[in-house]
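Asks:
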Amino acid sequence: MDGAGIDPFLQDVLTGLARDQKSIPSRWLYDARGSRLFDDITELDEYYPTRTELTILNEQAAAMADAIGPEAVIVEYGAGSLLKVRILLDALERPKAFVPVDISSEHLKEAAHELKSAYGELEVYPVAADFMDTNLGSNLPGGGGRRAGFFPGSTMGNLLDRDIDSFLRTTREDLGEGACFIIGLDQPKSPDILVPAYDDAKGVTAEFNLNLLRRINRELDGNFDLESFKHEARWNDAVSRIEMHLRSLKAQTVEVAGQTFKFEKGETIHTENSRKIALDRFAEMAESAGWELTRKWTDENGLFAVVLLEAR
Ligand code: AVJ
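The sequence shown begins at 1 in full-length UniProt numbering and counts up by one.
1) Just the Cα atoms here: how many angstroms apart are residue 19 and residue 299?
2) Within 10 Å of its beta-carbon, does residue 121 have 16 or more other beta-carbons around it, so buried, or fewer, so exposed?
3) Do residue 275 and residue 149 have their C-beta atoms closer together than 8 angstroms?
4) Could you check what DSSP says for residue 249 in three-state terms: helix, strand or coil?
5) Of the residues 40, 112 and 164, which one's Cα is nearest the Cα of residue 282?
6) Cβ of residue 41 versus every heavy atom of the ligand AVJ: is any distance shorter than 7 angstroms?
7) Who pairs with residue 8 in a beta bridge, going by DSSP?
8) Suppose the cutoff is 6 angstroms on Cβ atoms and the five residues either side in sequence are ignored; what does the same chain contact list for residue 75 look like?
9) Under the criterion of a Cβ to heavy atom distance below 7 angstroms, does residue 272 qualify as lining the ligand AVJ?
10) Identify the residues that DSSP records as bridge partners of residue 168: which are they?
11) Quick one, are the C-beta atoms of residue 101 and residue 184 less than 8 angstroms apart?
12) Is the region 44-60 touching the region 187-203 in the sense that three or more CB pairs, one from each, lie closer than 8 angstroms?
13) Going by beta-carbon coordinates alone, are residue 278 and residue 264 separated by less than 8 angstroms?
14) Are residue 220 and residue 13 closer than 8 angstroms when you measure CB to CB?
15) Any contact of the region 203-211 with the region 220-231, i.e. 3+ C-beta pairs under 8 angstroms?
16) Since residue 145 contacts residue 69 with CB under 8 angstroms, what's their CB separation in whole angstroms?
17) I'd like to confirm something about residue 104: is its beta-carbon nearer than 7 angstroms to some heavy atom of the ligand AVJ, or not?
18) For residue 304 and residue 26, what's the separation of their Cα atoms in angstroms?
19) State yes or no: is the C-beta of residue 108 within less than 8 angstroms of the C-beta of residue 95?
20) From the beta carbon of residue 125, is the nearest beta carbon of chain D less than 8 angstroms away?
21) Quick one, which of 302, 310 and 301 has its alpha-carbon nearest residue 292's?
22) Under 8 angstroms between the Cβ atoms of residue 262 and residue 249?
23) Near residue 10, which residues of its chain fall below 7 angstroms by C-beta distance, leaving aside the five closest residues on each side in sequence?
24) Would you tell me roughly how many angstroms separate the C-alpha atoms of residue 21 and residue 246, rounded to the nearest one?
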């Protein structure tokens, strides 16, 4: 609930279902069950991004640590389980402090506590906030070496251009002069690889997508019939993105919180964009927000990239 008292989930669903192209923001996919299903997705044969990024981090951690330098202050945006940052922390020379930022304060506290006990010398300051509107500035620990942002997982691809721009500007302000930023970016590639990664043979991604309707039924008093909607993953080449949709298998009406919505047979709800941003394009976006892309590390097939930005 926000200050005005209306549940932001309800608001997004009612507004989204009233559009010509029905759509619901992808952030609502991640309730407890959705987060578990996403974890299952990361282990699927077809879903290459997580495992490829981990390989790059493991192989290049020493080079990344070298670029960052000693006694760094690391700020991870949208931190989650903190597994990936351990690879970096293990390679860094006497990291001074770690600031994980995550919307789920419960999950964050637990993960931060575990990390603290594994790295005795490290100061850990968890911040419970949406990574899109942090205002860390003066709250970041002082002293030590460089400040380094860390944003793995290719979440950048879920954001619109203007959100990427404001995120890169805010982080540039927060992290300050001399800062750097390590970012994971899934790369454009053949739809023959991309589509199965988002429509796997075991149907885990379908369950993940349909879970949104289950969540609406439970939390917003909806009556979606899960049997009459089908998961769909499409490659939209013009804008270089995978789109997830839920397709209505018949003409039907659905109620949510007392409001009625009509579906034509074949009509879809657009539930996620996963953009694959090429590195030259990303370098331009970074540059206009005050960063310079100075290093890139990729796997041998160029499926995924981890880049280093430096404050200009
Ligand atoms: C967590 C947003 C990076 O876009 O690949 C996985 C989410 N959706 N399968 C992605 C997702 C369907 C994932 N991100």
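We put the beta carbon where it would ideally sit given N, CA and C, even for glycine.
Replies: According to the structure data:
1) Stepping through the sequence shown from its first residue, residue 19 is reached at position 19. Stepping through the sequence shown from its first residue, residue 299 is reached at position 299. Using only the alpha carbons, I get a separation of about 40 angstroms.
2) Taking the first residue of the sequence shown as position 1, residue 121 is located at position 121. Residue 121 should be labelled exposed.
3) Counting from 1 along the sequence shown, the entry for residue 275 is found at position 275. Counting from 1 along the sequence shown, the entry for residue 149 is found at position 149. In this structure, residue 149 does not lie closer than 8 angstroms to residue 275 by Cβ.
4) Mapped onto the sequence shown, residue 249 falls at position 249. If DSSP states are grouped into helix, strand and coil, residue 249 belongs with coil.
5) Looking up residue 282 in the sequence shown gives position 282. Of all alpha-carbon atoms in 40, 112 and 164, the one lying nearest the alpha-carbon of residue 282 is that of 164.
6) For the purposes of this step, residue 41 is taken as the residue at position 41 of the sequence shown. The answer is yes for residue 41.
7) Sequence index remark: in the sequence shown, residue 8 carries index 8 (1-based). Under DSSP, residue 8 shares a beta bridge with no residue.
8) If you number the sequence shown from 1, residue 75 lands on position 75. Closer than 6 angstroms at the Cβ level, and outside the excluded window around residue 75, lie 99 and 149.
9) Indexing the sequence shown from 1 puts residue 272 at position 272. Yes, since a heavy atom of the ligand AVJ falls inside the 7 angstroms radius drawn around the Cβ of residue 272.
10) Locating residue 168 in the sequence shown gives position 168, where the first residue counts as 1. Residue 168 is not bridged to any residue.
11) Mapped onto the sequence shown, residue 101 falls at position 101. Mapped onto the sequence shown, residue 184 falls at position 184. In this structure, residue 101 lies away from residue 184, with their beta-carbon atoms at least 8 angstroms apart.
12) Proximity of the region 187-203 to the region 44-60 meets the contact definition, three or more beta-carbon pairs being nearer than 8 angstroms.
13) Against the sequence shown, residue 278 aligns to sequence position 278. Against the sequence shown, residue 264 aligns to sequence position 264. No.
14) Taking the sequence shown and counting its residues from 1, one reaches residue 220 at position 220. Taking the sequence shown and counting its residues from 1, one reaches residue 13 at position 13. Contact: yes.
15) The region 203-211 vs the region 220-231: in contact.
16) Against the sequence shown, residue 145 aligns to sequence position 145. Against the sequence shown, residue 69 aligns to sequence position 69. Right, the Cβ-Cβ distance comes to about 5 angstroms (below 8 angstroms), so this counts as a contact.
17) Here the question's residue 104 lines up with position 104 in the sequence shown. Incorrect: residue 104 has no Cβ contact closer than 7 angstroms to the ligand AVJ.
18) In the sequence shown, counting from the first residue as 1, residue 304 sits at position 304. In the sequence shown, counting from the first residue as 1, residue 26 sits at position 26. If you take the alpha carbons of residue 304 and residue 26, they lie about 22 angstroms apart.
19) Locating residue 108 in the sequence shown gives position 108, counting from the first residue. Locating residue 95 in the sequence shown gives position 95, counting from the first residue. In this structure, the beta-carbon distance from residue 108 to residue 95 does not fall below 8 angstroms.
20) In the structure shown, chain D cannot be found, because there is only a single protein chain.
21) Translated into the one-based positions of the sequence shown, residue 292 becomes position 292. It is 310 whose Cα lies nearest to the Cα of residue 292.
22) The sequence position of residue 262 within the sequence shown is 262, counting from 1. The sequence position of residue 249 within the sequence shown is 249, counting from 1. Contact check for residue 262 against residue 249 fails: the beta carbons are separated by 8 angstroms or more.
23) Mapped onto the sequence shown, residue 10 falls at position 10. Taken in chain order, the residues that qualify are 220 and 257.
24) Numbered from its first residue, the sequence shown carries residue 21 at position 21. Numbered from its first residue, the sequence shown carries residue 246 at position 246. If I take the Cα positions, the gap works out to 12 angstroms.
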